[in-house]
Amino acid sequence: MKKEFDPDAYGIIGLGRFGLSLAMELTKAGKHVIVLEIEAEKLDAVKDQIENIYPVKAITTDVLNESGISHCQTAIVCIGKDIESNILVTMSLLELGIPRVIAKATSPNHGKVLERIGAEAVFPEVEMGSRLARSLVSTGTLDFLELCEDFSIANISITSVFANQTVADINLRKRYHLNIIVVVRNEKAISEIVPELMLLENDVLVVGGTNEAIKRFEKANED
6 MKKEFDPDAY GIIGLGRFGL SLAMELTKAG KHVIVLEIEA EKLDAVKDQI ENIYPVKAIT
66 TDVLNESGIS HCQTAIVCIG KDIESNILVT MSLLELGIPR VIAKATSPNH GKVLERIGAE
126 AVFPEVEMGS RLARSLVSTG TLDFLELCED FSIANISITS VFANQTVADI NLRKRYHLNI
186 IVVVRNEKAI SEIVPELMLL ENDVLVVGGT NEAIKRFEKA NED
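Okay, here's the thing in structure tokens:
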């Protein structure tokens, strides 16, 4: 019997900044989200907002099956610190036959390994600045990854409209329903997004949200 996958179900392994942004926005978009996290304390802040979150001792094939992630159309590995675990979990997801596996990498070499084993759309945070800087040829959206029909990750270059304002001043979450995943400045990634962080012209914001929200912010950001 052919295994069936739910096109509206998304498995997220690891609840760091990247994983949290994905989980929150996909939930808002009405998608079925399943989250696995080894560090149980990370789940406390979102346990009332995301229905299917599971603290686990290890990410095994049995856990992936029991949680329901093995039937998700898409699974995203957001583990960043432990490269070995990142790769092993990615391999487990691929072996389960999940149609779309997206994995986060921490370096170009790590990214190459993930791509070689079959993962898609790797996001290497450490080297993200260099990659984006090379592709930066004009203002506006530089890269765009649609994870589902109405949720995407976009890289948007800040113009003079929002330059010299803090993260709190711009308040993307409240005004545009977007989450800032990372800020890239001078080829370096700033992953600690605090309210007082000042945004400068030509900073690149990596944001997650609905396609409509991204379009609204792009329009407001037009110089």
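The opening position of the sequence shown corresponds to residue 6 in this note's numbering, with each subsequent residue numbered one higher.
Where is the CB? At the ideal position from N, CA and C, for every residue including glycine.
Just so it is clear, the structure is predicted and the values come from calculations on it, not from any experiment.
Asked	Found
Could you spell out the range, first to last residue, of the beta strand (DSSP E) harbouring SER162?	156–162
What do you reckon, are the CB atoms on LEU41 and VAL61 nearer than 8 Å?	yes
Sorted by chain position, which residues of the same chain lie with C-beta nearer than 6 Å to SER26's C-beta, five sequence neighbours on each side aside?	ASN184, ILE186 and GLY213
Can you tell me whether DSSP reads LYS52 as helix, strand or coil?	coil
Between which two residues does the alpha helix (DSSP H) holding ASN216 run?	216–225
Is the Cβ-Cβ distance between ALA225 and VAL188 less than 8 Å?	no
For ARG139, name the three-state secondary structure that DSSP assigns.	With a pLDDT of 39 at ARG139, under the threshold of 50, the predicted position of this residue should be treated as unreliable, though the coordinate-derived value follows. Helix at ARG139.
Starting from GLY24, trace the alpha helix (DSSP H) both ways and give me its first and last residue.	22–33
Terminal residues of the continuous alpha helix (DSSP H) containing LEU98?	88–100
Taking the alpha-carbon positions, what's the GLU56 to VAL38 distance?	8 Å
I believe THR95 touches LEU69 by the beta-carbon criterion, under 8 Å. Please report the beta-carbon distance rounded to the nearest angstrom.	Wrong, their Cβ atoms sit about 11 Å apart, outside the cutoff.
Let me make sure I understand the geometry here. Which of PHE156, ALA110 and ILE18 has the alpha-carbon closest to that of GLY35?	PHE156
For ILE17 versus ALA28, is the C-beta spacing smaller than 8 Å?	yes
Which class does ALA173 belong to by DSSP, given the choice of helix, strand or coil?	helix
Just the C-alpha distance for LEU99 and ASN176, rounded to the nearest angstrom, thanks.	38 Å
If you reduce the DSSP assignment to three classes, tell me which class GLU201 lands in.	coil
So, is GLY102 buried or exposed, given that buried needs 16 or more other C-beta atoms within 10 angstroms?	exposed
Report all residues from its chain with a CB closer than 6 Å to the CB of THR144; omit the five preceding and five following residues, and keep chain order.	At THR144 the pLDDT is 37, less than 50, meaning the model places this residue with poor confidence and gives no usable figure here.
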